[in-house]
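Going by this note's numbering, the residue at position 325 of the sequence shown is 480; the numbering climbs one at a time, nothing skipped. In this text, a Cβ means the ideal position worked out from N, Cα and C, and glycines have one as well. Predicted model only: the values in this text are computed from it and were never measured. First the structure, in the form of structure tokens, and then the observations on it.
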Amino acid sequence: MGEATIMSTATGGGGATVVVPVVVLPLVAILVMTYLFLKRSTTNVRKGDANFPPGYSGWPLVGEFFEFMKPFPSYTPGTYMTKRIQKFGKIFTTNLLGKKMIVSADAELTRLMLTNEMKTFETEWPEHYKKLMGESSILILNGEEHRLLRNSVLNFFSFARLESHFLKDANEIATGIMSSWREGKVISALGASETYTLDFALKNVMGMRPGEPEVEQFRHDYHEFREGLLFALPINFPGTLYNKSLKARGKVQKVIRRIYDERRKIEGCRGPRGDDYIGWTMSGTNLTRDMICDLMQGALFASEETTSRAISLIMFFLEGSPKALEHLREEHLKVRMPRDKDGWSMLSWEGYKQLQFTQCVTNESLRLGNITRFLVKKALADVTFKGYLITKGTPVVASFASAHFDPSLFKDPESFDPWRWQTSSGILKTNNFFPFSGGPRLCPGAELARVEIAVFLHHLLLNFDYKLADDDKPTAFPVINFPKGYPIKVTPRE
């Protein structure tokens, strides 16, 4: 093949002939197009709409998705948010997988979105989340259907049951797990807290007890479902994490539906161990079978996932703050009850109500660790906020974490300081704190989560010292995870 087939000629300004390899021409074209694209994508979006927030468009098709999803330490705001807030302010535009979105790092706008649920904004989930959680899940539904499901959760997980049932269960499950901890044993703090919260949820949601063969298989299937929900990309091919998670959802639903059908044959739908959420919902509401089964799966996820990570985050922050750890231990020593026959001092309801510093530590860990970093809402009408126009149908990312790292709202926001929550009249109340979302979608299990956290810490601090066995830090991807499970070495206290 001759040179003419791989070379191109062009005449220069002086009449000279310039020989350019043909392969170079497409590269030059790509470079020019990339330059023009980046020039356009980094200019303010205001050129198309004078009132639309400024921002980046990112790359074709993917936009800024990979930058947005890049892992970073969960106790920092992350470079993605930091750079864009510095350049554009607290409200800016992005493009995720070809979809133009507005991002709110403004606590006031975030609060507006939360409190105006179903008025000017509604929660929006990706389609692959809907398939995993179920169309009737409390996390997916909006409006009146969501309100009915949320009320059922609130009514069952009430303050009365917290005192009469759930506190006792939490004590028993926590001490059962810790009873196997021996001198120098290395355990996964995340794994232990996941076992604790899932066992609690299985018992109180569906009347299941750990140790039974079916329960252990259910636990395995549930974990596979959960991994896909947290970490899978929406790629449904055999062998992908999303595909495995969908199959696991089917197995989890099969067990829940079987329990539902068995309970229908029993008067009052009561389980073998008495009152539980599935039986209470079946006998006390008019919800359909599909709604109840999706509700149970969502209740398991909400009960286990966020609370277990909250406990692990608290242990992480306390390990780096000996002063806070000792202050917390002293508080629990003050409410210690006489030991039972197995040597455990159970946390009483009266004792729980006195744990003010425990709540401060919990608040600070949730603020700094940010288990729920953001929520996506969709505008139901045109909204004007601080001079910007949010047009109807536009998705808006409410960044809870950005509010928690805002130095105008929290002094020295990247420092762990539980004392910031103490006031002369009790625990600081602020409407710039969103650990459990807010408005009509405020987590109905928030107080239950605080009880579970306090009980686990009570038995941990009174009975063990612990130290990190291998370097591990929480990362946001975008959900919180400890890559190594946060391994700790425990030493029983005298």
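Using a C-beta cut-off of 8 Å, the segment 347–357 makes no contact with the segment 396–407, since fewer than three inter-stretch Cβ pairs fall below that distance.
The Cβ atoms of Leu-523 and Glu-569 sit closer than 9 Å to each other. Around Asp-445, the same chain offers Ser-291 as residues with beta carbons nearer than 7 Å, after the five sequence neighbours per side are excluded. The closest CA to that of Ala-454, considering only Phe-611, Ala-601 and Trp-499, is found on Ala-601.
By the CB criterion at 9 Å, Ser-343 and Pro-642 fall inside the cutoff.
Measuring C-alpha to C-alpha distances from Asn-310 to each of Thr-440, Arg-648 and Gln-511 identifies Thr-440 as the nearest. Annotation for Val-410: the continuous alpha helix (DSSP H) segment containing it runs 396–418. In the DSSP assignment, the residues bridged to Gly-581 are Thr-578. The Cβ neighbour count for Arg-648, taken over all protein chains shown within 10 Å, is under 16; the residue is labelled exposed. Counting C-beta atoms within 10 angstroms of its own C-beta, Glu-607 has 16 or more neighbours from the protein chains shown and is therefore classed as buried. A distance below 8 Å between beta-carbons, with the five flanking residues on each side excluded, links Pro-389 to the following residues of its chain, in chain order: Pro-281, Glu-282, His-283 and Tyr-397.
Ranked by how close their Cα comes to the Cα of Asn-586, the residues Asp-430, Ala-558, Cys-598 and Gly-383 have Ala-558 in first place.
A check of alpha carbon separations from Pro-226 across Lys-478, Val-645, Pro-638 and Lys-644 identifies Pro-638 as the nearest. Between the segment 289–309 and the segment 574–581 there are fewer than three inter-stretch CB-CB distances shorter than 8 Å, so the stretches are not counted as touching. Inter-residue distance for Val-531 and Pro-573 is about 29 Å (C-alpha atoms, whole angstroms). Phe-373 and Val-552 have their C-alpha atoms spaced approximately 34 Å apart.
Taking each of Glu-277, Ala-604, Thr-443 and Ile-469 in turn and checking the Cα distance to Pro-629, the smallest one comes out for Ile-469. Annotation for Ser-557: the continuous alpha helix (DSSP H) segment containing it runs 555–559. Straight-line measurement puts the Cα of Arg-464 at about 7 Å from the Cα of Leu-345.
When the Cα atoms are used, Lys-566 and Leu-480 turn out to be separated by approximately 21 Å. Inter-residue distance for Glu-338 and Arg-494 is about 21 Å (C-alpha atoms, whole angstroms).
Judged by DSSP secondary structure, Thr-278 falls within the beta strand (DSSP E) whose first and last residues are 276–278.
Asn-306: member of the alpha helix (DSSP H) spanning 298–311, first to last residue. In the three-state DSSP reduction, Lys-541 falls in the coil class, being neither helix nor strand. Judged by DSSP in its simplified three-state form, Leu-251 adopts strand.
Apart from sequence neighbours up to five positions away, the residues of its chain that approach Leu-401 with a beta-carbon distance below 8 Å are Lys-286, Leu-287, Gly-383 and Asn-391, ordered along the chain. The continuous alpha helix (DSSP H) containing Ile-469 extends over residues 444–474.
When secondary structure is reduced to three states using DSSP, Gly-210 falls in the strand class. Between Phe-529 and the set Gly-244, Val-258 and Phe-247, the nearest pair of CA atoms involves Val-258. Judged by beta-carbon spacing, Ile-466 lies within the 9 Å limit of Leu-612, meaning their Cβ atoms are closer than that value. Here the segment 416–423 makes no contact with the segment 483–498; the two share fewer than three CB pairs at distances below 8 Å. Within the same chain, Cβ atoms closer than 7 Å to the Cβ of Phe-471 are found at Pro-629 and Tyr-641, the five residues on either side in sequence being excluded.
Between Cys-515 and the set Met-361, Arg-605 and Lys-496, the nearest pair of CA atoms involves Arg-605. The beta-carbon distance between Val-610 and Asn-326, rounded to whole angstroms, is 6 Å. This is short enough to meet the 8 Å contact definition. Phe-632 and Met-256 have their C-alpha atoms roughly 19 Å apart.
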